[in-house]
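Read the structure below first, then the notes.
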Amino acid sequence: MAIGSISEIGYVSLATRDLRASMENAEKILGLTPLETTKDKAYFSSGTGTRDLIYTASETDGADHFGLIAPNRDEIDAIRAKVDRRGYRVLAEQPIEDFIEAGFAFIGPEGFTFHVHLGPSRYDHRSGGIGPDRLGHITVRAIDTVAFARFLVDVFDFRVSDRIGVDQGFFLRCNPDHHGIALVKSDWTGLHHHAWETQSIADLGKLGDRLANSGSRLIWGPVRHGAGHNIACYYQEPNGSVIELYTDLERIYDKERDETVWDADDLNWLNRWDGNMPVLMTTAGCGLLSR
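As structure tokens, this is what we get:
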């Protein structure tokens, strides 16, 4: 019997005031492969051949919507029924991207738009290219993280892997990856960062080199997180959001494993190596497009 579940993060769709700069960043810095470009839209792949990142030219920088892959049509229907029961506004009864075979879109808590759809699995993919292997997770800013986490659990069958304090943050998984969506408590809503998995820490060094050669730099890392255990580095992209490249993320194969709870004052959850984080990481991100 379908329970209404998500199997992985499908894609990220962002709006940008400078489409050319966003495209150059995606290809030359992050190392994604351009798949298709129109007058006002560009699609990129991490090497899977699937559309993992979409940029749309806009008068406003922001996060447009997030694709979430359901394993089959029955799971999509079960999620759709839960959306109806909870009274969320359905934005489209059909896919909102023409490369999607089946799905629907709705507006969830705090104005976030989710596109639930069928799609080929990207999980645990190894591309062998210069860029990341696959899109791994997103981290969003939320005002009420407790309610948002409950929504992800109830509507999409996510499980909480780690919790920070009472409501400072949540890391939630939809497959063995430690987290597919993370929540950080904020006084405004939006996307903090989108994160891409690579094979080794050497790839993080190569990203730093590409940034330096372009006249830019990392804003944080490499760093070892306590929550998720991954080694990661971060930089800010043209539309204001942050991009993470990471490796060595914890995998959890016990679906019923209890959440790990961190004291909010124990900064080892954030940085096991020195306990610090740059101020820019606390302020960066892009808001949501209004609908």
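Count along the sequence shown from 1, add 656, and you get the number used in the numbering used here. Where is the CB? At the ideal position from N, CA and C, for every residue including glycine.
For residue j and residue i, the rounded distance between their alpha carbons
i, j, result
"LEU863", "VAL802", "34 Å"
"MET679", "ASN831", "30 Å"
"ALA761", "PHE755", "14 Å"
"ALA920", "LEU675", "38 Å"
"THR712", "ASN932", "34 Å"
"PRO855", "GLY775", "In the sequence on display, residue 855 carries Gln and not Pro. For GLN855 and GLY775, the distance between alpha carbons rounds to 23 Å."
"ASP733", "ARG745", "16 Å"
"PRO765", "GLN892", "26 Å"
"SER714", "LEU945", "10 Å"
"ALA677", "GLU912", "43 Å"
"VAL822", "VAL840", "12 Å"
"SER870", "GLU731", "44 Å"
"ALA737", "ARG947", "22 Å"
"THR795", "ALA838", "4 Å"
"GLY718", "MET657", "37 Å"
Member of the options whose CA lies at the smallest distance from the CA of residue i
i, options, result
"HIS721", "MET937, GLY666, LYS695", "GLY666"
"VAL879", "LEU926, ALA671, GLY825", "LEU926"
"THR769", "ASP823, ALA888, ALA748, ARG673", "ALA748"
"HIS793", "GLU906, LEU944, TRP918, ILE875", "GLU906"
"LEU724", "ASN924, ASP818, PRO765, ILE662", "ILE662"
"ILE857", "ALA798, THR903, ASN728", "THR903"
"SER702", "ALA726, VAL668, GLY931", "VAL668"
"ILE659", "ALA713, TYR711, PRO690, ASN728", "ASN728"
"GLY705", "GLU753, ASP733, ILE763, SER777", "SER777"
"PRO751", "ARG736, VAL772, GLY861", "VAL772"
"LEU867", "ALA883, CYS889, GLY882", "CYS889"
"THR916", "SER946, ILE820, GLY787, VAL809", "ILE820"
"ASP948", "PRO894, PHE827, ILE887", "Limits of the chain in this structure are 657 at one end and 947 at the other, which puts residue 948 out of reach."
"LEU860", "PRO894, GLU893, GLN824, ILE786", "ILE786"
"ILE735", "LEU945, PHE812, GLY718", "PHE812"
"ASP910", "CYS942, PHE814, PRO788", "PHE814"
"THR716", "LEU709, GLU757, VAL809, ARG673", "ARG673"
"LEU923", "GLU912, GLY882, PRO788", "GLY882"
"GLY825", "GLY836, GLU753, SER842, PHE700", "SER842"
"GLU753", "GLY767, ASP708, PRO788, ILE908", "ASP708"
"TRP844", "ASP865, GLY767, ILE710", "GLY767"
"PRO894", "ILE908, GLY941, ASP865, GLU853", "GLY941"
Neighbour-count burial assignment, residue i, 16 or more Cβ in a 10 Å radius
i, result
"LYS695", "exposed"
"ASN681", "buried"
"HIS834", "buried"
"ALA671", "buried"
"ASP818", "buried"
"ALA698", "buried"
"ASP930", "exposed"
"HIS885", "exposed"
"ILE799", "exposed"
"TRP918", "buried"
"ARG790", "buried"
"VAL816", "buried"
"PRO690", "exposed"
"GLU757", "exposed"
"ALA726", "buried"
Touching by the beta-carbon criterion (3+ pairs, under 8 Å), the segment 848-859 and the segment 898-908: yes
Whole beta strand (DSSP E) elements within the segment 867-902, 3-residue minimum: 876-880, 887-892
Alpha helix (DSSP H) runs contained entirely in the segment 668-723, provided each spans 4 or more residues: 675-680
Complete runs of the beta strand (DSSP E) confined to the segment 761-841 [at least 3 residues]: 769-773, 790-798, 815-820, 825-829, 837-841
Cβ contact (3+ pairs, closer than 8 Å) linking the segment 935-946 and the segment 873-887: yes
Cβ pair count under 8 Å reaching 3, the segment 685-701 against the segment 727-741: no
Sequence ranges, beta strand (DSSP E) only - wholly within the segment 902-944, length at least 3: 916-918
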